[in-house]
Amino acid sequence: MVRSVLWSEKYGSTIFNVFRGVLEVLIGVATGSLLGFFIQYFPSSDQSKLVWKRAFLVLGLAVLAVFSSMYFGFPGSGGLCTLVMAFLAGRGWASKKAEVQKIIAVAWDIFQPLLFGLIGAKVSIASLRPETVGCNRICSFGHSKITWR
Numbered sequence: 000m001v002r003s004v005l006w007s008e009k010y011g012s013t014i015f016n017v018f019r020g021v022l023e024v025l026i027g028v029a030t031g032s033l034l035g036f037f038i039q040y041f042p043s044s045d046q047s048k049l050v051w052k053r054a055f056l057v058l059g060l061a062v063l064a065v066f067s068s069m070y071f072g073f074p075g076s077g078g079l080c081t082l083v084m085a086f087l088a089g090r091g092w093a094s095k096k097a098e099v100q101k102i103i104a105v106a107w108d109i110f111q112p113l114l115f116g117l118i119g120a121k122v123s124i125a126s127l128r129p130e131t132v133g134c135n136r137i138c139s140f141g142h143s144k145i146t147w148r
């Protein structure tokens with residue numbers, strides 16, 4: 000939030016940017032609370048393949064929250080919405096959340112390399128300054144020497 004206030008010139012005044020950060024937090028918590036309570040009760044407990052339906056809803060609504068928050072111009076609210084939603088859903092499912100967690104862990108194992116590959120593809124090597132790369136290498140070397148004595 001602080002970084003968005005300091006470096007954002009896109010949305011106007013500093014006061015608007017401060018309120019924008021607070022608004023993103025409120026939107027994220029409110030939307031996550033609504034979705035979290037919704038998926039606690041929506042697939043009723045008497046349905047077949049309940050665990051798969053819950054896992055699909057958590058993953059689908061998390062992706063929807065992140066992309067829609069970016070679309071509506073509040074990118075910080077999507078991640079917070081996802082965290083609040085998953086927390087509240089897990090609290091409501093109590094005994095069955097471990098099975099949902101296993102399915103989501105498998106999905107993460109599949110999509111994690113793709114995600115980090117996409118992030119790596121967005122990094123432009125040409126835009127890196129040589130002194131930044133040199134400083135990074137020195138810091139990494141120093142850290143490894145201190146950590147791995």
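Under numbering that gives the first Met the number 0, read the sequence shown as residues 0 to 148, first letter to last.
The beta-carbon is built from N, C-alpha and C at its ideal position, and this holds for glycine as well.
#1: Out of G75, T131, A106, I102, point me to the one whose CA is closest to V28's CA.
#2: What runs of the beta strand (DSSP E), each 3 residues or longer, lie entirely inside the region 45–70?
#3: Suppose the cutoff is 6 Å on Cβ atoms and the five residues either side in sequence are ignored; what does the same chain contact list for V65 look like?
#4: Between the region 91–99 and the region 111–120, are three or more C-beta pairs nearer than 8 Å?
#5: Apart from the five residues just before and just after T81, which ones in its own chain have a Cβ nearer than 6 Å to its Cβ?
#6: Considering just the uninterrupted stretch of the alpha helix (DSSP H) at F73, what are its terminal residues?
#7: What distance in whole Å lies between the Cβ atoms of G35 and L87, which are believed to be in contact at a cut-off of 8 Å?
#8: Buried or exposed: where does R136 fall if 16 or more other Cβ atoms within 10 Å of its Cβ makes it buried?
#9: DSSP on S94, reduced to helix/strand/coil?
#10: Flag this pair as yes or no: are the beta carbons of R53 and V99 separated by less than 8 Å?
#11: With a threshold of 16 other CB atoms inside 10 Å of the CB of L25, please say whether the residue is buried or exposed.
#12: Could you tell me which of V57, C138, M69 sits nearest to W107, measuring between CA atoms?
#13: In three-state terms, what does DSSP make of F86?
So, from the data block:
#1: Taking the first residue of the sequence shown as 1, we reach residue 28 at position 29. The option with the nearest alpha carbon to V28 is G75.
#2: none
#3: Residue 65 sits at position 66 when you count from the first residue of the sequence shown. Once the five neighbours on either side are set aside, the close Cβ partners of V65 are G77.
#4: no
#5: Taking the sequence shown and counting its residues from 1, the one referred to as residue 81 is at position 82. A61, A64.
#6: The residue labelled residue 73 in the question sits at position 74 within the sequence shown. It is not in any alpha helix (DSSP H) - F73 carries neither H nor E in the DSSP assignment.
#7: Here residue 87 is taken as the residue at index 88 of the sequence shown, counted from 1. Here residue 35 is taken as the residue at index 36 of the sequence shown, counted from 1. Confirmed, about 3 Å.
#8: Residue 136 sits at position 137 when you count from the first residue of the sequence shown. Result: exposed.
#9: Here residue 94 refers to the residue found at position 95 of the sequence shown. If DSSP states are grouped into helix, strand and coil, S94 belongs with coil.
#10: Against the sequence shown, residue 53 aligns to sequence position 54. Against the sequence shown, residue 99 aligns to sequence position 100. Cβ atoms of R53 and V99: closer than 8 Å.
#11: Your numbering for residue 25 matches position 26 in the sequence shown. Per the 10 Å Cβ criterion, exposed.
#12: Here the question's residue 107 lines up with position 108 in the sequence shown. If we check each option's Cα against that of W107, V57 comes out closest.
#13: Against the sequence shown, residue 86 aligns to sequence position 87. If DSSP states are grouped into helix, strand and coil, F86 belongs with the helices.
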